[in-house]
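Student:
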Amino acid sequence: MASNPKIAIGYDLGGQGCKTGVFEANSGELLSTATSKIIPSLSAQQVFDGICRTTEALVRSTGHSVSQIASACLATAGTLGPESAQEPSEIDHILISPNIPQLNGFSFRHAFNKQWPGVRFLMENDANAAGWADWFYGIGQEKEVNTLLGFTLGTGLGGYIIINGRMIRPAELGHVIVDYGEDALQCGCGCYGCTEAYVSKGGICRLAQRIMAKDPDTKLHTIPVDALDPLPIAELARAGDQGAQETYAQAGKYLGRLIWNIRRVCLPDAVVVSGNISRSFDLMLPSIEEYVRQDPLLEHFPVIRATGLGADKAGILGAGGLAIQAVRT
Ligand SMILES: [Zn+2]
């Protein structure tokens, strides 16, 4: 080991706290983590100062010094700015934070540069950071994965494509239209037939309601109306209810249509799914694979699976991976 090895810092800043991770930059190993609490009454500068204190104590606890920090990346929810930024190295502040409004407009880049001059600083949206986690610490590290297509399944349907370590940020991947039928479901964006209208928390519930309207025997009717949610639907599917199984099979078919289309654009080697609903991804996978395999033009079939990284670690691993990449290149 070098006598003065570089370290990189990853941050996952959420409404309750900021999780900090210290990484060994050469090996990529996550050495230690700590969380600083965020109290709503704190000002932006006080939040930042708290993050720095936690970082410095954590760095010392790993046997390193602050002077060894080569780079840092902060991942957080919200709209990040400036709006023209395309790369994490160009992002420097939060335009609109959904959880910590006092941070709106606060320049983390400026504050970090002042605190630790010479440290390379990056920022990334938390959903994209989870994607980077799969690229740096998950499926992206498997041999022959040069192009990774990723989806986040939750309240909405987000997505990204990473090609050779560069993220393509599609404008609205979840709003690609996959159903042009007359009975296509209306999406929150106002259009009909968007993938998100079928493959999301609300979408899966509406698919279930459609099936319930046609099938009086499905146990989906036992779920109280106000408790209809992908999780109890998945539980019924696992218990053998055909209506619940069909709900997930249909969601898989529509996600399969989206993958079919994207595949014809950029031929991903792997497809990875994260987010709350990814825990039920196994219920969708057979219909996704069945649909995608029907493509008569393309033989190169991608690996398709749910992320193996826990949601609690994805943000910090993605941020750390980006910070490490910034000093390796
Ligand atoms: Zn839409």
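Residue numbers for the sequence shown follow our numbering, beginning at 948 and rising by one. Every residue gets a Cβ at the ideal spot worked out from N, C-alpha and C, and that includes glycine.
1. Report buried or exposed for Cys-1134, applying the criterion of at least 16 other Cβ atoms within 10 angstroms of its Cβ.
2. Check whether the region 1187-1207 and the region 1144-1151 touch, using three or more Cβ-Cβ pairs below 8 angstroms as the test.
3. With distances taken between CB atoms, is the gap from Pro-1045 to Gly-1065 smaller than 8 angstroms?
4. Have a look at Thr-1094 and Ser-1054 and give me their C-alpha separation to the nearest angstrom.
5. In angstroms with no decimal places, state the Cα-to-Cα distance between Ile-1170 and Gly-1190.
6. Measuring straight from C-alpha to C-alpha, what distance separates Gln-1049 and Phe-970?
7. So that I know if they touch, is there some Cβ in chain B lying closer than 8 angstroms to that of Ser-1147?
8. Buried or exposed for Gly-957, going by 16 or more other Cβ atoms inside 10 Å?
9. Starting from Leu-1069, follow its DSSP beta bridges and name the residues at the other end.
10. Give me the DSSP bridge partner(s) of Ala-1303.
11. Apply the 10 Å Cβ neighbour rule to Lys-984 and answer buried if 16 or more other Cβ atoms are within range, or exposed otherwise.
12. With a CB to CB cut of under 7 angstroms and the five nearest residues on each side skipped, what residues in its chain are close to Glu-1091?
13. Mind checking whether the beta-carbon of Gly-1135 lies closer than 7 angstroms to any heavy atom of ligand 1?
14. Can you tell which of Ile-1108, Ser-1031, Val-1013, His-1040 has its C-alpha closest to the C-alpha of Gln-1062?
Tutor: Taking the geometry as given:
1. It counts as buried.
2. A contact exists between the region 1187-1207 and the region 1144-1151.
3. Result no, Cβ atoms of Pro-1045 and Gly-1065 do not sit closer than 8 angstroms.
4. Distance between the alpha carbons of Thr-1094 and Ser-1054 is about 33 angstroms.
5. Roughly 12 angstroms between the two C-alpha positions.
6. If I take the Cα positions, the gap works out to 29 angstroms.
7. In the structure shown, chain B does not exist; there is a single protein chain.
8. By the 10 Å Cβ count, Gly-957 comes out buried.
9. Looking at the DSSP output, Leu-1069 sits in a beta bridge with Cys-1020.
10. The structure shown does not extend to residue 1303, since the chain is modelled only from 948 through 1276, so no value can be given for it.
11. Answer is exposed; the Cβ neighbour count stays below 16.
12. These residues qualify, in order along the chain: Asp-1216.
13. For ligand 1, at least one heavy atom lies less than 7 angstroms from the Cβ of Gly-1135.
14. Per the C-alpha coordinates, the member of Ile-1108, Ser-1031, Val-1013, His-1040 positioned closest to Gln-1062 is Val-1013.
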